[in-house]
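**Student:** Read top to bottom, the protein sequences are chains A and B.
Its first residue numbered 1, the first sequence is counted upward by one per residue in our numbering.
Its first residue numbered 1001, the second sequence is counted upward by one per residue in our numbering.
Here a beta-carbon is modelled for each residue, glycine too, at the ideal position from N, C-alpha and C.
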Amino acid sequence: MSASANPQVSQEAMVEFLLRMGDSTLILGHRVSEWCGHSPVLEEDIALANTALDLIGQTQMWLGLAGEIEGKGRDADKLAFLRDAVDFRNALITERPNGDFGMTLMRQFLFDAYHFQLLGKLEGSSDARVAEIAAKAKKEVAYHLERSADLVIRLGDGTDESRKRMQAALDELWGYTGELFIPDAVDEAIAAAGIAPNPADLRAPWLAEMSAVLQDATLKIPASTYAHKGGKKGVHSEYLGHLLAQMQFLQRAYPGCTW
Amino acid sequence: MYAQMVKTDADRVRSLDEMSAHERAFQERVDRGEKIEPKEWMPEAYRKTLIRQIGQHAHSEIVGQLPEGNWITRAPTLERKAILLAKVQDEAGHGLYLYCAAETLGVSRDELLALLHSGKMKYSSIFNYPTLNWADIGAVGWLVDGAAIMNQVQLQKTSYGPYSRAMIRICKEESFHQRQGYDIMMKMAAGSPEQKRMAQDALNRFWYPSLMMFGPSDADSVHSAQSMAWKIKINTNDELRQKFVDQTVPQAKYLGLTIPDENLKWNEEKGGYDFSEPDWDEFFEVINGNGPCNKERLGARVKAWEDGRWFRDGLNAHAEKAAARRAAAKIAAE
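Structure, rendered in structure tokens:
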């Protein structure tokens, strides 16, 4: 059985949706794991490894289901390690470089707040498999959001320097948040079938959560509404190719091996 | 063993008759197998030695994240990546338990880190060797964690309560670490010719550094004798090294890999293997900063600490502001 369980939506759209989910968690998980052993304090090393581990675990579930529905014999590993950048569907914000710890935290917070809203809706998905993965992931992401929001507040309302760094991170990353909420034809088909929410409907609750935290953090939401786009279509930044070159090295250099 | 060559300040181990009443009562408790707890009386040298030993162990756990972190982003499957992340997370957690155990002896984590960063305190020599291919991650789990477990299992019985309890928790996780390492080696050794070559290469490079982890022979060492009297060291370095070799040789045979030692031979009489000593000159060079990765490892830790200063200062400033706001609110309410 490889066809989508939901007759209202095409198999291609369903696979596309699942790749968007799994690629974003994979690429963000990879970025977070780059911190291993280099964070500012031991507790953060633990938290970062834990966050990356959750995201990689979610990737296994999303990409596993994508491969199953696709029905071409590609499992989660084949999808992760044997596709090139043009076939990746992650949101651009997830591939942004780590920068300083403030940039990493702000990226995490902006994504977590979106991710949490999204998973909350996916729990009620018309597709039971999606709902099941979302329910498991949401428990983890609730912790991610609690941690990242708390740290954004403490660092925004910390020293002058920490505030400056957090504001700079917000200014730089803000333009990568718009993409998360701009639907395309796939999103609309998926939403019409009740599988996932329309991304546009997530923006208001996301912004409300965001604004409350940023206010406590004494940080200002940038005025610009410009949104960088491309992740959903496989048009990525230059950074993704380098990330994949590193991540996929063994599978590419020694094809067909068991590890 | 993540603590090597820990000094005790002793010039010889004294008999009970030579001790003060306090010292004697303390030693008798240790001899009876009682645990010493943080607020109880203990000889100053015992406290200092424990700080050195636990601190070195804690530093080893956090520096030990680096050689494994070197392959997290290149792990070959999602499952391997997840397992390695879980392992590195455990190691940071072990560092945390151990720094907490050291804090009960009156030294802060920041003080210990300052000593690490200035080079006054060491971490295990093993982490100054590079991880050059994926099988090295297998070898680190199999050999390095395997060697560490030899010592840590014994240290669960150590006389200092917080250290003993930390070891009990750590040992539970370390055995999973060793198994995952051996599992990587099994896949590599049974894999393609290139994978098998990586596995043998990893064993060739990690064998002697793993034997060095136990430290040089300490049969005649005053420090070891004193530490053993205090039950903060349970076996001699040579005993543990022998045990490690005897355990590991059959495992290597099962993998079809060759231990890089022409002199390795079963000795029926002693019921263990005869084997070559590692190059102790190399060991002392590594301890003194000349290992292949000393500069990178310590440099990475110092950089992480320096780069993170604004983060820690920011959190502290926020905590002070929040406390001041709470105090002001309380006054306003009265």
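Taking DSSP as the reference, what is the three-state secondary structure of isoleucine 1036 of chain B?
**Tutor:** If DSSP states are grouped into helix, strand and coil, isoleucine 1036 of chain B belongs with the strands.
**Student:** Establish whether the CB of valine 1088 of chain B and some CB of chain A are separated by less than 8 Å.
**Tutor:** Chain A, which has a Cβ nearer than 8 Å to the Cβ of valine 1088 of chain B, makes this yes.
**Student:** Considering glycine 291 of chain A, what are the terminal residues of the beta strand (DSSP E) in which it resides?
**Tutor:** Look at the range of chain A in this structure, 1 to 259, and you will see that residue 291 of chain A is not part of it.
**Student:** So valine 130 of chain A packs on valine 213 of chain A, CB below 8 Å; how close in whole Å?
**Tutor:** Not a contact, Cβ separation roughly 28 Å.
**Student:** In the DSSP assignment, find the beta strand (DSSP E) that holds tyrosine 1273 of chain B and state where it starts and stops.
**Tutor:** Where tyrosine 1273 of chain B is concerned, the enclosing beta strand (DSSP E) stretches over 1272-1274.
**Student:** The alpha helix (DSSP H) that contains lysine 1265 of chain B, what's its start and end?
**Tutor:** No alpha helix (DSSP H) contains lysine 1265 of chain B, which is instead part of the beta strand (DSSP E) from 1265-1267.
**Student:** Taking the CB atoms as reference points, tell me whether glutamine 1195 of chain B and methionine 1185 of chain B lie closer together than 8 Å.
**Tutor:** It is not a contact, given that the beta carbons lie outside the stated cut-off.
**Student:** Among A:Phe88, A:Arg20, A:Val32, A:Ile27, which has the Cα closest to the Cα of tryptophan 62 of chain A?
**Tutor:** Checked all of A:Phe88, A:Arg20, A:Val32, A:Ile27; the closest Cα to tryptophan 62 of chain A is A:Arg20.
**Student:** Would serine 1217 of chain B count as contacting chain A if we go by Cβ distances under 8 Å?
**Tutor:** No, serine 1217 of chain B does not count as interfacial toward chain A.
**Student:** Take glutamine 1154 of chain B and list the residues in its own chain whose beta-carbon comes closer than 7 Å to its own, dropping the five residues that flank it on each side.
**Tutor:** For glutamine 1154 of chain B, where only same-chain residues beyond five positions count, the Cβ hits under 7 Å are Ile1234, Asn1235.
**Student:** Need the endpoints of the alpha helix (DSSP H) that alanine 1190 of chain B sits in, please.
**Tutor:** That residue, alanine 1190 of chain B, is in no alpha helix (DSSP H); it is neither H nor E in DSSP.
**Student:** For histidine 236 of chain A and chain B, any beta-carbon pair shorter than 8 Å?
**Tutor:** Histidine 236 of chain A does not count as touching chain B.
**Student:** How about phenylalanine 1244 of chain B and valine 1144 of chain B: do their beta carbons lie closer than 8 Å?
**Tutor:** Cβ distance not < 8 Å, so phenylalanine 1244 of chain B and valine 1144 of chain B don't count as in contact.
**Student:** Below 6 Å CB to CB, which residues in the same chain sit around glutamine 1180 of chain B once its five sequence neighbours on both sides are set aside?
**Tutor:** Correct list, in chain order: Ile1083, Gly1141.
**Student:** Find the residues of chain B that neighbour serine 162 of chain A, judging by a C-beta separation of less than 9 Å, and give them in chain order.
**Tutor:** By Cβ distance, chain B contributes Trp1310, Phe1311, Asp1313, Gly1314, Leu1315, Ala1317, His1318.
**Student:** Are any of the Cβ atoms in chain B nearer than 8 Å to that of aspartate 157 of chain A?
**Tutor:** Chain B contact via Cβ: present.
**Student:** For leucine 1016 of chain B, which residues in the same chain have their Cβ closer than 7 Å to its Cβ, ignoring the five residues on either side in sequence?
**Tutor:** Around leucine 1016 of chain B: Arg1024, Gln1027.
**Student:** Flag leucine 1085 of chain B as yes if its beta-carbon sits less than 8 Å from any beta-carbon of chain A, otherwise no.
**Tutor:** It does; some Cβ of chain A falls within 8 Å.
**Student:** Between the region 1278-1291 of chain B and the region 15-29 of chain A, do three or more beta carbon pairs fall short of 8 Å?
**Tutor:** Flag = no, the region 1278-1291 of chain B and the region 15-29 of chain A do not touch.
**Student:** Could you list the residues in the region 30-62 of chain A with a C-beta less than 7 Å from some C-beta on chain B, going in chain order?
**Tutor:** Residues His30, Ser33, Glu34, Cys36, Gly37, His38, Ser39, Pro40, Val41, Leu42, Asp45, Ile46, Ala49, Asn50, Ala52, Leu53, Ile56, Gly57, Thr59, Gln60.
**Student:** Taking alanine 13 of chain A as part of the alpha helix (DSSP H), name the residues at either end of that continuous run.
**Tutor:** Element bounds for alanine 13 of chain A: 11-33.
**Student:** Would a C-beta distance cut-off of 8 Å place leucine 1132 of chain B and glycine 1055 of chain B closer than the cut-off?
**Tutor:** Taking 8 Å as the Cβ cut-off, leucine 1132 of chain B and glycine 1055 of chain B do not qualify as a contacting pair.
**Student:** Return the residue from the list B:Ile1126, B:Thr1158, B:Met1167, B:Lys1321 that minimises the CA-CA distance to alanine 217 of chain A.
**Tutor:** Comparing Cα positions, the closest option is B:Lys1321.
**Student:** Taking only the alpha-carbon atoms, compute the straight-line gap between glycine 124 of chain A and lysine 136 of chain A and give it to the nearest angstrom.
**Tutor:** Going from the Cα of glycine 124 of chain A to the Cα of lysine 136 of chain A covers about 13 Å.
**Student:** Would you kindly work out how many angstroms separate the C-alpha atoms of leucine 1264 of chain B and lysine 1253 of chain B, rounded to a whole number?
**Tutor:** Cα-Cα distance, rounded: 12 Å.
**Student:** So which residues on chain A does threonine 1077 of chain B lean against when the C-beta distance must stay under 7 Å?
**Tutor:** In chain order: Asp77, Trp259.
**Student:** Which of the three DSSP states is assigned to tyrosine 1160 of chain B in this structure?
**Tutor:** If DSSP states are grouped into helix, strand and coil, tyrosine 1160 of chain B belongs with the strands.
**Student:** Tell whether a beta-carbon distance below 8 Å holds between tyrosine 1163 of chain B and alanine 1101 of chain B.
**Tutor:** Yes; because the gap between Cβ atoms is below 8 Å, this pair is in contact.
**Student:** Quick check on the burial criterion: 16 or more other C-beta atoms within 10 angstroms. Buried or exposed for tyrosine 114 of chain A?
**Tutor:** Label assigned to tyrosine 114 of chain A: buried.
**Student:** Please determine, among B:Asn1316, B:Trp1310, B:Ala1304, B:Asp1313, the residue with the shortest C-alpha to C-alpha distance to tryptophan 287 of chain A.
**Tutor:** This structure does not reach residue 287 of chain A, given that chain A is present from 1 up to 259, and the question cannot be answered.
**Student:** Looking only at its own chain, which residues have a Cβ that is under 6 Å from the Cβ of glutamine 1200 of chain B, when we skip the five neighbours before and after it?
**Tutor:** Contacts found: Leu1257.
**Student:** Tell me where the alpha helix (DSSP H) around valine 41 of chain A begins and ends.
**Tutor:** Looking at the DSSP string, valine 41 of chain A is not in any alpha helix (DSSP H), and its letter there is neither H nor E.
**Student:** Tell me which same chain residues have a C-beta within less than 6 Å of the C-beta of serine 4 of chain A, skipping the five on either side of it?
**Tutor:** Low per-residue confidence applies at serine 4 of chain A: pLDDT is 47, beneath 50, and the placement is therefore not dependable, though the value from the model is reported in the following sentence. Once the five neighbours on either side are set aside, the close Cβ partners of serine 4 of chain A are Gln11, Met14, Ile69.
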